[in-house]
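Trainee:
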Amino acid sequence: MNCSKGKFLTVLTLFLSFYCFSAAGIGVTGLRCDEKTNPTGVSRKDISFSWLWDSGLEKDRQQSYRIVVASDPDKLNSGDYDVWDSGRIKSAVNVHVGYKGKELTGNKKYFWKVMVWNREGKPSVWSKPATFVTALGNEAEWQGAEWIGYEEMPRNERVVPGIHTLENHEGVRIEKDAVVPYLRKSFNAGKAVKEAFLSISGLGHYEAYVNGQKISDFLAPGWTHYDRQVLFNTYEVTDLIGRGENVIAAVVGNGFHYINHKRYLKLGIAFGYPKLICRLKIIYTDGSEDNIVSDTSWKATLSPVVFSSIYGGEDYDANMEKTGWNSVGYDDSGWPDAIKVSAPAGKLEPETTYPLAVTARFLPSKNYTINDSCYTWDFGQNASGIIEVRLKGRKGDKVRIWPGELLSADTIVNQQASGEPYYFEYTLKGDGEEVWRPKFTYYGFRYATVEGHLRPA
Numbered sequence: 003m004n005c006s007k008g009k010f011l012t013v014l015t016l017f018l019s020f021y022c023f024s025a026a027g028i029g030v031t032g033l034r035c036d037e038k039t040n041p042t043g044v045s046r047k048d049i050s051f052s053w054l055w056d057s058g059l060e061k062d063r064q065q066s067y068r069i070v071v072a073s074d075p076d077k078l079n080s081g082d083y084d085v086w087d088s089g090r091i092k093s094a095v096n097v098h099v100g101y102k103g104k105e106l107t108g109n110k111k112y113f114w115k116v117m118v119w120n121r122e123g124k125p126s127v128w129s130k131p132a133t134f135v136t137a138l139g140n141e142a143e144w145q146g147a148e149w150i151g152y153e154e155m156p157r158n159e160r161v162v163p164g165i166h167t168l169e170n171h172e173g174v175r176i177e178k179d180a181v182v183p184y185l186r187k188s189f190n191a192g193k194a195v196k197e198a199f200l201s202i203s204g205l206g207h208y209e210a211y212v213n214g215q216k217i218s219d220f221l222a223p224g225w226t227h228y229d230r231q232v233l234f235n236t237y238e239v240t241d242l243i244g245r246g247e248n249v250i251a252a253v254v255g256n257g258f259h260y261i262n263h264k265r266y267l268k269l270g271i272a273f274g275y276p277k278l279i280c281r282l283k284i285i286y287t288d289g290s291e292d293n294i295v296s297d298t299s300w301k302a303t304l305s306p307v308v309f310s311s312i313y314g315g316e317d318y319d320a321n322m323e324k325t326g327w328n329s330v331g332y333d334d335s336g337w338p339d340a341i342k343v344s345a346p347a348g349k350l351e352p353e354t355t356y357p358l359a360v361t362a363r364f365l366p367s368k369n370y371t372i373n374d375s376c377y378t379w380d381f382g383q384n385a386s387g388i389i390e391v392r393l394k395g396r397k398g399d400k401v402r403i404w405p406g407e408l409l410s411a412d413t414i415v416n417q418q419a420s421g422e423p424y425y426f427e428y429t430l431k432g433d434g435e436e437v438w439r440p441k442f443t444y445y446g447f448r449y450a451t452v453e454g455h456l457r458p459a
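Just so we're aligned, residue 3 is where the sequence shown starts under my numbering, counting upward by one.
#1: If you draw a straight line from the C-alpha of Glu436 to the C-alpha of Gly395, how long is it?
#2: Curious, which full-length beta strand (DSSP E) runs of at least 3 residues does the region 206-248 contain?
#3: Is Pro183 helix, strand or coil when you go by DSSP?
#4: In whole angstroms, give me the CA-to-CA distance for Val452 and Val253.
#5: If you measure between the beta carbons of Ser126 and Pro352, is that distance less than 8 angstroms?
#6: If you reduce the DSSP assignment to three classes, tell me which class Ala132 lands in.
#7: Using C-beta distances below 8 angstroms, list every residue in its chain close to Gly434, excluding the 5 sequence neighbours before and after it, in chain order.
#8: Taking C-alpha atoms, which residue in Glu316, Asp48, Ala411, Trp379 lies nearest to Gly139?
#9: Can you give me the start and stop residues for the alpha helix (DSSP H) that Asn79 sits inside?
#10: Of all the beta strand (DSSP E) runs that stay within the bounds of the region 376-417, which reach a length of 3 or more residues?
#11: For Asn321, does the three-state DSSP call read helix, strand or coil?
#12: How many Å lie between Val135 and Thr236 at the Cα?
#13: For Trp438, which beta-bridge partners are listed by DSSP?
#14: Helix, strand or coil for Arg157, going by three-state DSSP, please let me know.
#15: My parser needs the beta strand (DSSP E) runs of 3 or more residues fully inside the region 326-379; what are they?
#16: Using the Cβ count rule (16 or more neighbours within 10 Å means buried), how would you classify Leu233?
#17: With which residues is Glu316 paired in a DSSP beta bridge?
#18: So, helix, strand or coil for Glu453, using DSSP?
#19: To the nearest whole angstrom, what separates the beta carbons of Ser310 and Thr226, a pair I think is in contact under 8 angstroms?
#20: How do the region 69-86 and the region 24-42 stand: do at least 3 beta-carbon pairs fall below 8 angstroms, yes or no?
#21: Pull up the CB-CB distance for Tyr67 and Ile91, whole angstroms please, since I reckon it's below 8 angstroms.
#22: Go to Gly32, then tell me how far its beta strand (DSSP E) extends in each direction, as first and last residue.
#23: What is the residue span of the beta strand (DSSP E) that Leu269 lies within?
#24: According to DSSP, is Glu122 part of a helix, a strand, or is it coil?
#25: Does the region 57-74 touch the region 248-264, meaning 3 or more C-beta pairs lie closer than 8 angstroms?
#26: Count the other CB atoms, across all protein chains shown, that sit within 10 Å of the CB of Lys301; report buried if there are 16 or more and exposed otherwise.
#27: Look at the alpha carbon of Ile389 and the alpha carbon of Glu37, and state the distance between them as a whole number of angstroms.
#28: Excluding the five sequence neighbours on either side, which residues of its own chain have a C-beta within less than 6 angstroms of the C-beta of Ile243, listed in chain order?
#29: Based on the DSSP secondary-structure assignment, which residues constitute the bridge partners of Asp292?
#30: Sort Asn120, Glu141, Pro75, Asn96 by Cα distance to Leu350 and report the nearest one.
#31: Please list the segments of the beta strand (DSSP E) lying wholly inside the region 37-109, counting only runs of 3 or more residues, in order along the chain.
#32: For the candidate residues His98, Ile217, Tyr266, Phe258, whose alpha-carbon lies nearest to that of Val239?
#33: So, at 7 angstroms on beta carbons, what are the nonlocal neighbours of Asn416 in its own chain, with the 5 sequence-adjacent residues on each side left out?
#34: Please report the residue range of the beta strand (DSSP E) in which Ala142 lies.
#35: Work out the CA separation of Phe381 and Leu365 for me, nearest whole Å.
#36: Report the three-state DSSP secondary structure of Thr303 (helix, strand or coil).
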């Protein structure tokens with residue numbers, strides 16, 4: 003009798019040990035919502051979830067899954083899945099599993115996790131929690147935000163669709179240099195902040211800041227036909243908003259929204275001058291909410307970007323800089339008020355693609371001296387990119403940089419294969435080392451010929 007009991011206990015112990023090994027061995031990782039890790043600004047039209055799993059057993063497969071979504075992390079941890087509980091779904095699919103829960107709110111962070119079962123019906127432990135933040139949807143959710151700018155383009159100057167210059171170079175002339183404006187709004191947050199989300203679009207492209215910190219990506223938002231669709235971006239800025247005075251600021255450039263007939267040109271087009279729309283949603287720890295939206299209470303003025311063309315390059319006059327313009331404490335009382343401008347015809351929709359980003363940096367591998375005021379850099383690699391310069395000189399000195407894929411026999415950049423004339427031009431303010439890179443254009447190049455009285459380092 004004692005011997006039988008001992009055998010039973012031994013078998014039971016082995017069974018429990020095997021079961022615990024299987025459960026712990028099934029891992030769920032790589033959680034993604036709409037193909038991104040913890041994304042901000044997902045469209046509520048077609049949310050999907052994906053994950054990776056591994057049971058550690060050869061030829062094993064997922065038999066079932068369970069997805070749960072909650073409105074805050076405490077509820078997710080406690081098992082109060084107040085947004086969606088899929089239940090156990092028999093399926094081997096772990097990619098693009100569609101959301102089927104409650105209707106979601108715009109500019110809201112949600113929390114989710116997954117568990118799976120393998121082909122033997124053994125469950126995994128829960129995955130680590132993941133998050134997603136929803137984008138705004140209909141017009142009402144923009145809380146009355148208006149499109150604003152520094153100037154309005156007259157309707158009779160509109161050129162849409164664009165004119166391809168190879169087909170009709172003289173048919174339409176777009177001459178004006180549209181102002182690339184600074185826009186800013188100072189506001190007060192009187193209580194402790196729980197969450198804050200900024201929804202913003204600037205046409206053609208914008209660079210946005212909260213309390214002096216840049217939050218946007220390069221050439222945001224993506225290009226569209228602005229009479230049909232206008233993309234906007236969403237950023238979580240909770241950690242950037244403090245109690246007291248705060249500032250939202252942006253500089254807005256042309257992109258494919260406005261291209262005039264200066265320098266290199268493939269397409270002349272004029273949807274309008276630079277414009278911006280945004281809504282900052284602030285949720286305080288006491289549950290109350292504030293909304294800061296773009297309107298004529300904002301301030302607008304000229305930026306140091308004095309020329310910007312997606313095809314022709316960019317010019318920057320450092321003497322027009324306004325130190326601290328995008329930060330708390332700057333006096334903008336001398337700036338004009340922003341004006342309400344015409345809204346684009348296209349529908350505002352969240353941008354769901356991956357942002358454009360700097361992926362590599364190249365230093366010059368070789369220099370060619372042309373004369374005392376002209377030399378060429380060789381970066382050793384052809385790429386789509388921009389330049390970044392560090393330079394010193396006298397106030398008012400100009401440096402012009404010609405990028406290109408080819409060199410002529412005299413080692414000067416040849417742009418015949420990539421479009422000419424295209425260049426970057428920088429005017430120095432003359433107060434020590436100055437650092438600059440363009441904001442709203444790029445070019446394919448390996449070489450850069452520099453004109454100016456500065457020498458390469």
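Idealized CB from N, CA, C, for every residue including glycine. Remember, it's a predicted structure, so these values are computed and weren't measured experimentally.
Mentor: So, to answer that:
#1: In the sequence shown, the residue the question calls residue 436 occupies position 434. In the sequence shown, the residue the question calls residue 395 occupies position 393. A straight line joining the alpha-carbon of Glu436 with that of Gly395 spans about 9 angstroms.
#2: 207-212, 231-238
#3: Along the sequence shown, one-based indexing puts residue 183 at 181. Reduced to three states, the DSSP call for Pro183 is strand.
#4: For the purposes of this step, residue 452 is taken as residue 450 along the sequence shown, with counting starting at 1. For the purposes of this step, residue 253 is taken as residue 251 along the sequence shown, with counting starting at 1. For Val452 and Val253, the distance between alpha carbons rounds to 27 angstroms.
#5: For the purposes of this step, residue 126 is taken as residue 124 along the sequence shown, with counting starting at 1. For the purposes of this step, residue 352 is taken as residue 350 along the sequence shown, with counting starting at 1. Cβ distance not < 8 angstroms, so Ser126 and Pro352 don't count as in contact.
#6: Working through the sequence shown from its first residue, we reach residue 132 at position 130. For Ala132, the secondary structure class from DSSP, reduced to helix, strand or coil, is strand.
#7: Walking along the sequence shown from the start, residue 434 turns up at place 432. So the list reads Lys394, once near-sequence residues are dropped.
#8: As a position in the sequence shown, residue 139 is number 137, starting the count at 1. Gly139 has its Cα closest to that of Asp48, out of Glu316, Asp48, Ala411, Trp379.
#9: As a first step, residue 79 is located in the sequence shown; it is residue number 77 there, counting from the start. 75-80 is the extent of the alpha helix (DSSP H) around Asn79.
#10: 376-387, 391-393, 400-406
#11: On the sequence shown, residue 321 is found 319 positions in, with the first residue counted as 1. Correct three-state label for Asn321: helix.
#12: Within the sequence shown, the letter at position 133 stands for residue 135. Within the sequence shown, the letter at position 234 stands for residue 236. Looking at the two C-alpha atoms, the distance is approximately 9 angstroms.
#13: Here residue 438 is taken as the residue at index 436 of the sequence shown, counted from 1. For Trp438, which the question treats as bridged, DSSP gives the partners Val391.
#14: Locating residue 157 in the sequence shown gives position 155, counting from the first residue. Here Arg157 sits in helix by DSSP.
#15: 349-352, 368-373
#16: Here residue 233 refers to the residue found at position 231 when the sequence shown is read from its first residue. When all chains shown are included, Leu233 counts as buried.
#17: As a working note, residue 316 is residue 314 in the sequence shown. In the DSSP output, where bridge partners are listed per residue, Glu316 has Ser310, Phe426.
#18: For the purposes of this step, residue 453 is taken as the residue at position 451 of the sequence shown. Reduced to three states, the DSSP call for Glu453 is strand.
#19: Here residue 310 corresponds to residue number 308 of the sequence shown, with the count starting at 1. Here residue 226 corresponds to residue number 224 of the sequence shown, with the count starting at 1. Not quite, the Cβ-Cβ distance comes to about 19 angstroms (not below 8 angstroms), so this is no contact.
#20: no
#21: Indexing the sequence shown from 1 puts residue 67 at position 65. Indexing the sequence shown from 1 puts residue 91 at position 89. Yes, Tyr67 and Ile91 are in contact; Cβ-Cβ is about 6 angstroms, under 8 angstroms.
#22: Stepping through the sequence shown from its first residue, residue 32 is reached at position 30. That run of the beta strand (DSSP E) goes 29-35.
#23: Walking along the sequence shown from the start, residue 269 turns up at place 267. Per DSSP, Leu269 belongs to the beta strand (DSSP E) from 269-272.
#24: One-based indexing of the sequence shown puts residue 122 at position 120. Glu122: coil per DSSP, three-state reduction.
#25: no
#26: Indexing the sequence shown from 1 puts residue 301 at position 299. When all chains shown are included, Lys301 counts as buried.
#27: In the sequence shown, counting from the first residue as 1, residue 389 sits at position 387. In the sequence shown, counting from the first residue as 1, residue 37 sits at position 35. C-alpha separation (whole angstroms): 31 angstroms.
#28: On the sequence shown, residue 243 is found 241 positions in, with the first residue counted as 1. The answer, listed in chain order, is Ala191, Val195, Ala198.
#29: Position 290 of the sequence shown, counted from the first residue, corresponds to residue 292. Per DSSP, the beta bridge partners of Asp292 are Ile284.
#30: As a working note, residue 350 is residue 348 in the sequence shown. Out of Asn120, Glu141, Pro75, Asn96, the CA that lies nearest to the CA of Leu350 is found in Glu141.
#31: 42-44, 50-56, 64-72
#32: Position 237 of the sequence shown holds residue 239. Checking every option, the nearest Cα to that of Val239 belongs to Ile217.
#33: On the sequence shown, position 414 is the one that residue 416 refers to. Once the five neighbours on either side are set aside, the close Cβ partners of Asn416 are Gly406, Leu408, Leu409, Ser410.
#34: As a first step, residue 142 is located in the sequence shown; it is residue number 140 there, counting from the start. It is not in any beta strand (DSSP E) - Ala142 carries neither H nor E in the DSSP assignment.
#35: The residue given as residue 365 occupies position 363 in the sequence shown. The residue given as residue 381 occupies position 379 in the sequence shown. One C-alpha to the other measures close to 6 angstroms.
#36: To locate residue 303, count along the sequence shown from 1; it is residue 301. Residue state, collapsed to three classes: strand.
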